[in-house]
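Undergrad:
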Amino acid sequence: RLSQPQAAPVVAPPADPDPNQLLSGGQASAAGIPANQLGTAVTVVSGADLQRQQVRHAGDALRGLPGVELTGTGSVGALTQVRIRGAEGRHTRVIVDGVDVNTTKDGEFDFSNLLAEEIEKIEVVRGPMSGLYGSGALGGVINIITRDGKGPARLMVRTEAGSFGTKDVAARL
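Mind the numbering: the sequence shown is residues 203 to 375 in this note's numbering, read in order.
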């Protein structure tokens, strides 16, 4: 005798999802819905990943992620635009610590001067979940969470030298 198939439990989304918390806690979730139950593509890059790969700029951290393309208009410091799934740069919503940082002039964010040293986590949402953020997020959402700054004061100094006389020095308190 065959038994009737059981219906899968229905998971209702939270009443008021917080769009500033794309992924939270130990389990990946978007707007409170576990990532394995979402119909969207989500990628998380941790601060430890950035340090291990020796990434210096946030734009470089996004390079190579699925569906993400970086376009630079020149050398270091020139406009660096991020496009998700072929959408224009103005259709990628960028949020840093809960603040929308896209410009009001053209709706884009310039990744050329955003350093990766103080980034705790970068979350990239592609697909229908990005619709929660409005028309500026048609391509997707990039949520950047920086380190919280708790604990004693820290001093960090970094120097680098390379071929052809290239040098880089950074200090942070």
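Just so you know, even glycine gets a beta-carbon here, dropped at the ideal spot from N, CA and C.
By DSSP, does residue 315 sit in helix, in strand, or in coil?
TA: helix
Undergrad: Could you pull the start and end residues of the alpha helix (DSSP H) that residue 295 belongs to?
TA: Premise fails: residue 295 lies in the beta strand (DSSP E), 294-298, not in any alpha helix (DSSP H).
Undergrad: Give the straight-line distance between the Cα atoms of residue 215 and residue 331, rounded to the nearest whole angstrom.
TA: Note that residue 215 scores 42 on pLDDT, short of 50, meaning its location in the model is unreliable; the coordinates nonetheless yield the value given after this. Going by the C-alpha atoms only, they are around 12 Å apart.
Undergrad: When we look at the beta-carbon of residue 263 and count the other beta-carbons within 10 Å, is it buried (16 or more) or exposed?
TA: With 16 or more Cβ atoms within 10 Å of its Cβ, residue 263 is classed as buried.
Undergrad: If you run the structure through DSSP and keep just helix, strand and coil, what is residue 267?
TA: coil
Undergrad: For residue 356, report the span of its beta strand (DSSP E) as first-last.
TA: Element bounds for residue 356: n/a, residue is neither H nor E.
Undergrad: Per DSSP, what are the beta-bridge partners of residue 282 in this structure?
TA: Its beta-bridge partners are 274.
Undergrad: Give the straight-line distance between the Cα atoms of residue 346 and residue 363, rounded to the nearest whole angstrom.
TA: 29 Å
Undergrad: Going by alpha carbons, who is nearest to residue 272 out of 353, 357, 312, 354?
TA: Of the candidates 353, 357, 312, 354, the one whose C-alpha sits nearest the C-alpha of residue 272 is 312.
Undergrad: Which residues in the same chain have their Cβ closer than 8 Å to the Cβ of residue 349, if we skip the five residues on either side of it in sequence?
TA: 249, 320, 321, 322
Undergrad: Would you kindly work out how many angstroms separate the C-alpha atoms of residue 274 and residue 284, rounded to a whole number?
TA: 9 Å
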